[in-house]
Amino acid sequence: MIQEPEEEEDDDYRGNMSPQDSDISGPQLTEELVKALQDLENAASGDAAVRQKIASLPQEVQDVSLLEKDHWEALTEREKKLEEYKQKLARVTQVRKELKSHIQSLPDLSLLPNVTGGLAPLPSAWRPVLHRPLSFLLPVTPCLSPGHTLPVEPAH
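Here numbering that gives the first Met the number 0 is used: the first residue of the sequence shown is 0, the next is one more, and so on.
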C-alpha cells in the first residue's frame with residue numbers, strides 16, 4: 000500500500016482558495032478570513048519588541064530618502080574620481096605615445112661610423128682626485144720667517 004505524504008497545515012492564507020470555489024461554504028470562508036487576519040495581527044510589526052527594535056534603528060536606516068541622498072552623493076563622488084582617472088590615463092597614454100615617437104626618431108647608433116677611432120675614453124671628473132698624491136693629507140707645517148726656528152724637544 001502506498002502512503003501519501005501527510006499534508007502539513009498551510010499557513011499561506013492566500014492559497015489556492017478563492018470565493019468562487021464551490022467546495023467552500025460561507026462559514027469555512029469566514030473562518031479562513033479570520034485566520035488570515037489573525038496571522039496579520041501576529042506579524043513582526045505587531046510584536047512590541049520588534050517594533051521597539053525597528054524604532055531604535057538609526058534615522059539613516061529608517062528614512063529611505065536619506066539613504067537615497069547618501070547613495071547619490073557616493074555615486075557623484077565616484078563619478079568625479081572616475082573622470083580624474085580617465086584624465087590621468089589620457090595624459091599617461093599621450094606621454095607614452097610621445098616617448099615612443101621620440102625613441103623611434105633617435106638614430107641607430109650601430110649604423111653610425113666609429114667616431115672614437117679606438118681611442119681610450121676620456122677620464123671621468125673623479126679620476127684626477129683619486130690619482131692625486133696623498134701629500135694633501137699630511138699636516139701643514141707653519142711658515143717660518145727667516146731667522147726663526149722651531150723649538151726642538153730634547154731626545155731622551
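Every residue gets a Cβ at the ideal spot worked out from N, C-alpha and C, and that includes glycine.
At the C-beta level, E59 and L66 come within 8 Å of one another. Within the model, the alpha-carbon separation for I102 versus A119 is close to 28 Å. DSSP, reduced to helix, strand and coil, places P106 outside both helices and strands of the structure shown, so it counts as coil. Between the alpha carbons of D46 and Q61 lies a distance of about 18 Å.
Listed in chain order, the alpha helix (DSSP H) runs fully inside the stretch 30-68 are 47-55, 58-61, counting runs of at least 4 residues.
Annotated three-state conformation of A89 is helix, per DSSP.
When secondary structure is reduced to three states using DSSP, A119 falls in the coil class, being assigned neither helix nor strand. Cα atoms of L88 and E78: separation of roughly 15 Å, rounded to the nearest angstrom.
Put simply, the backbone Cα of S64 is about 22 Å away from that of Q51.
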